[in-house]
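In full-length UniProt numbering, the protein residues as written are 1 to 149.
Note that beta-carbon positions come from the ideal geometry of N, C-alpha and C, so glycine has one too.
Values in this document were obtained by computation on a predicted structure and should not be read as measured data.
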Amino acid sequence: MTRDRRAAPLVLDASVLVELLIDGAHRAAADRLLDRIRDDGDLLLVTAAHGVVEAAHALRRLVRQGVLSDDDGAAAVRGLGQLDLVLDPTSPRLPVVWRLRDRMSAYDAAYAAAADALGLPLITTDDRLRRTCESEGIACQHLREVFTV
């Protein structure tokens, strides 16, 4: 019997996508994730359907705040477009998104609903989202917990 050696997919929110692209607060953990992506060419990275646009918006905000230069922002957006991501469809997740409406934004709820439906933990850098997911019975881990140095 042959065992499937592929790693379980990873469900990432926009905060993690951004960390993969910039020299942010969680650079060491992001580098470990990038190493894993490089080492395992079959590793599936999943995000909510809006994840790429939300990450681009976060990069825009970092440029406007002066954290990133225009050139660095543009390079990060190019890198974002090169990530091999599976976009989880939002429509089937809307009942869960709606159920979570009083606990988190619809954007965050879409990530949580995707992870929950796939039976995988959501990976984020947002501690509040992590705590809220856990209180709702949705597995969620901080990037630094998953990819410790």
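From the options, pick the residue whose C-alpha is nearest to that of residue i; which is it?
i      : options                      : result
Val18  : Ala7, Ala75, Asp40, Asp35    : Ala75
Asp127 : Leu118, Asp116, Cys140       : Cys140
Ala117 : Arg144, Ser91, Ser135, Val77 : Ser91
Arg78  : His142, Leu20, Glu145        : Leu20
Val51  : Leu85, Arg93, Ala30          : Residue identity differs from the one stated: residue 51 is Gly in this sequence, not Val. The option with the nearest alpha carbon to Gly51 is Leu85.
Gln82  : Ala56, Arg101, Arg93         : Ala56
I need the straight-line Cα distance from residue i to residue j, nearest angstrom please.
i      : j      : result
Val67  : Arg103 : 30 Å
Ala109 : His26  : 23 Å
Val96  : Ala113 : 6 Å
Tyr107 : Asp39  : 30 Å
Thr132 : Ile138 : 9 Å
Leu87  : Leu122 : 14 Å
His142 : Thr124 : 5 Å
Gly119 : Ser69  : 38 Å
Ala49  : Pro89  : 6 Å
Ser105 : Val146 : 24 Å
Asp31  : Asp71  : 21 Å
Are there 16 or more other CB atoms within 10 angstroms of the CB of residue i, so buried, or fewer, so exposed?
i           : result
Glu54       : buried
Arg130      : buried
Asp23       : exposed
Thr148      : exposed
Gly73       : buried
Ser15       : buried
Arg99       : exposed
residue 164 : In the structure displayed, the chain extends from 1 to 149; residue 164 sits before or after that span and is not available.
Leu94       : exposed
Asp13       : buried
Which full runs of the beta strand (DSSP E) of 3+ residues lie inside the UniProt domain "PIN" (11-133), going along the chain? Complete beta strand (DSSP E) runs here, min 3: 45-48, 85-88, 122-124.
Would you check if the region 6-16 and the region 33-50 touch, i.e. whether three or more CB-CB distances between them fall below 8 Å? yes
Would you check if the region 61-73 and the region 26-37 touch, i.e. whether three or more CB-CB distances between them fall below 8 Å? no
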